[in-house]
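A.B. asks: Take the sequence shown: its position 74, counting from 1, is numbered 74 in full-length UniProt numbering, and each next residue is one higher.
Take a look at this one; I'll ask things after.
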Amino acid sequence: MATVHYELQKVRNGHYLFKLKGKNGEIILASETFCSKASAENAITFARYNAPDEHNYELKKSTDEHPYFILRGKNEQILGLGGPYSSESDARLGIKAAMECAATEEIMDLTH
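The structure is reproduced here in structure tokens:
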């Protein structure tokens, strides 16, 4: 059975990102890319700290009207994005999942 975890990945151009995945394996939250692995790891720490506070989320709509959410740090820096979703209620469930799951200490390092 899958567990809630962060996946730390190395992507094109040698950049790094993380994804928070739920028990069902679906992506709850995905970061932007970072120039270094250490920066991506720091972003996970900030996500853990900021995700439980609902005031750190902003619900938005994409240009094609699909709801998504942004998790911001206390300094307003974007820590991750969730979605797109088919409805605003689904996006709110995504925020709830991020709030509940982001505290996990489990990190799968896929950068090798």
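For every residue, glycine included, the Cβ atom is placed at its ideal position computed from N, Cα and C.
Computed from a predicted model, the values in this text were never measured in an experiment.
Going along the chain, which residues of its own chain have a beta-carbon closer than 7 Å to the beta-carbon of G22, five neighbours each way excluded?
C.D. replies: Same-chain partners within the cutoff: V4, I28, A97, C101.
A.B. asks: Excluding the five sequence neighbours on either side, which residues of its own chain have a C-beta within less than 8 Å of the C-beta of A30, listed in chain order?
C.D. replies: Excluding sequence neighbours, A30 sits near L17, F18, K19, L20, G80, L81, G82.
A.B. asks: Taking the beta carbon of G25 as the centre, do at least 16 other beta carbons fall within 10 Å, making it buried, or is it exposed?
C.D. replies: With fewer than 16 Cβ atoms within 10 Å of its Cβ, G25 is classed as exposed.
A.B. asks: Would you identify the three-state DSSP class for E106, choosing helix, strand or coil?
C.D. replies: Three-state result, E106: coil.
A.B. asks: Buried or exposed: where does I78 fall if 16 or more other Cβ atoms within 10 Å of its Cβ makes it buried?
C.D. replies: With fewer than 16 other Cβ atoms within 10 Å, it is exposed.
A.B. asks: Ends of the beta strand (DSSP E) at E100?
C.D. replies: Run containing E100: none in the beta strand (DSSP E); it sits in the alpha helix (DSSP H), 88 to 101.
A.B. asks: If you measure from the CB of N50, is any heavy atom of the ligand NAD nearer than 7 Å?
C.D. replies: Absence of the ligand NAD is noted for the structure shown, with no ligands found whatsoever.
A.B. asks: Tell me the DSSP bridge mates of R72?
C.D. replies: Answer by DSSP bridge pairing, in chain order: I78.
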